[in-house]
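The sequence shown begins at 20 in my numbering and counts up by one.
Beta carbons are placed, not taken as given, at the ideal position from N, Cα and C, and that holds for glycine.
Reviewing the structure listed below.
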Amino acid sequence: MQSGRIAIIGCGGRTALGFDRVSTAAAVRAGIPALAEHPYMIDRFGNPMRVARDLGLDPLLAGARRLVDLALPAAHEALRPIQGQQGLSPVRLLVCTGEPRPGQSESFAAVLVEALREALGPRIGTVAHLARGHAGGLLALALGAQAIREGRTQLALVGGVDSYLHPETLEWLDDLEQLHSEQNLYGFCPGEAAGFVLLASSDLARSAGIRPLLDLAGVGYGRETNLIKTEGICLGEGLSDAFRMAAPPESPKVDRILCDMNGERYRGNEYGFAAIRNPTLFRNAADFETPADCWGDIGAASGPLFVCLAAEAEARNYSKGLQTLVWASSEQGLRAAALLRRM
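Structure below.
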């Protein structure tokens, strides 16, 4: 049985800002937005929908194939640290996608998972899929870390991939009045992206001569019952539970906060209540970062890509301090957070 610390040894990302984690992190740090008019989708006010689109993909490409083309570069990038390594067990793959919604066929997940398994080759062992939305990638981090600690695998490749840019999805968001526009300032700009994180025990990383990027110090999750688009008032209870589980009261204060707030009032209110419930957690609870301002709302890819941003900050020595907390909220109630620590 494995025990002890879990190390993040690889990260990869693809977003509307860049085709790898380095270019994406540089654009986010510089505050460069990738928001632009969709080439053909029109909202209910007669205006082009404002989205963050991956310009390397055909705008007509849809379905599972679009997610595969997003995910593969990010997954390959995350696996680079173990290229050429011998004697390692097959990598456990956990992939998170968006929650069930229009634009995702019943078969798309099976097509996605099989395409990833085939493209990534024999190094991949067991594969699991979670359709848990924004917070799902962070929940997958917890599951991957647990599998390593229990000795079920040496390595776990955890990823999230999502795209809101399927026509049926965009029309659905428009009908729900969630699209950002001049007439709807509290909506969000749909995006698309993929992020992957490679986990191993710190002992394995050391024996293999791999320098960890970050320490996965804790992962927490909770359940919110007062959901967005309902009459209930969210007081941040589920997110508070995720915070406390990821970062117990004895933990040092969090120096940096990365989150999936996207312009919707619900998410901002939720975080405000969760911060009040955890008054000693943050060095400055108001000093949070919202990358959706640059890459749009990227759904299930949010958590793993936040890890990529934190890893790049450490690699280039612009991290704000010892600890970073990343968190995300899924529309159907899952809340998750991960505490990342400098090695």
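query, result
"What distance in whole Å lies between the Cβ atoms of residue 149 and residue 94, which are believed to be in contact at a cut-off of 8 Å?", "Wrong, their Cβ atoms sit about 16 Å apart, outside the cutoff."
"Can you give me the Cβ contacts of residue 173 inside the same chain, cut-off strictly under 6 Å, excluding the 5 residues immediately before and after it?", "107, 108 and 223"
"Which same chain residues end up closer than 8 Å to residue 69 when comparing Cβ atoms and leaving out the 5 residues on each side of it in sequence?", "54, 55, 56, 57, 198, 199, 200 and 208"
"At which residue ranges does the stretch 78-137 contain complete beta strand (DSSP E) runs of 3 or more residues, listed in the order of the chain?", "110-116"
"Could you check what DSSP says for residue 38 in three-state terms: helix, strand or coil?", "coil"
"Which of the three DSSP states, helix, strand or coil, is assigned to residue 250?", "coil"
"Would you mind reading off the limits of the alpha helix (DSSP H) that contains residue 290?", "284-296"
"Quick check on residue 51: buried or exposed, where buried means 16 or more other Cβ atoms within 10 Å of its Cβ?", "exposed"
"Under the three-state reduction of DSSP, which class applies to residue 354: helix, strand or coil?", "strand"
"Would you kindly work out how many angstroms separate the C-alpha atoms of residue 21 and residue 251, rounded to a whole number?", "Note that residue 21 has pLDDT 40, beneath the 50 cutoff, so the model's placement of it is unreliable and no number is given."
"Looking at C-alpha atoms only, which residue of 43, 255 and 85 is the closest neighbour of residue 186?", "85"
"Of the choices 309, 315, 313 and 271, whose alpha-carbon is the least far from that of residue 299?", "271"
"What does a CB cutoff of less than 6 Å around residue 78 pick up in its chain, not counting 5 residues either side in sequence?", "58"
"In its own chain, which residues sit with a C-beta less than 7 Å from the C-beta of residue 184, not counting the 5 before and 5 after it?", "70, 72, 209 and 211"
"Give me, in chain order, the residues of the same chain whose beta-carbon lies closer than 6 Å to that of residue 310; leave out the 5 immediate sequence neighbours on both sides.", "47"
"Are the beta-carbon atoms belonging to residue 216 and residue 101 less than 7 Å from one another?", "no"
"Closest to residue 345 by C-alpha separation, out of 233, 276 and 287, would be which residue?", "276"
"Could you tell me how far apart the beta carbons of residue 180 and residue 320 are, in whole angstroms, since I believe they sit closer than 8 Å?", "6 Å"
"Please identify the residue among 358, 92, 35 and 45 whose C-alpha is closest to the C-alpha of residue 233.", "358"
"Is it true that the CB of residue 153 sits closer than 7 Å to the CB of residue 349?", "yes"
"Taking the alpha-carbon of residue 117 as reference, which of 190, 351 and 361 has the nearest alpha-carbon?", "351"
"Mind checking residue 247: buried by the 16 CB within 10 Å criterion, or exposed?", "buried"
"Can you tell me which of 249, 260 and 115 puts its alpha carbon nearest to the alpha carbon of residue 239?", "260"
"I'd like to check one pair, residue 32 with residue 43: are the Cβ atoms closer than 7 Å?", "yes"
"Using a Cβ-Cβ cutoff of less than 7 Å, which residues in the same chain neighbour residue 231 once the five nearest sequence positions on both sides are dropped?", "26, 27, 28, 221, 224 and 362"
"How about residue 64 and residue 165: do their beta carbons lie closer than 7 Å?", "no"
"Does the Cβ of residue 214 have 16 or more other Cβ atoms within 10 Å, making it buried, or fewer, making it exposed?", "buried"
"Between which two residues does the beta strand (DSSP E) carrying residue 162 extend?", "Residue 162 -> not in any beta strand (DSSP E); alpha helix (DSSP H) instead, spanning 155-168."
"If you measure between the beta carbons of residue 158 and residue 293, is that distance less than 7 Å?", "no"
"Within its chain, find whatever has a CB closer than 6 Å to the CB of residue 332; leave out the 5 residues flanking it on each side and keep chain order.", "338"
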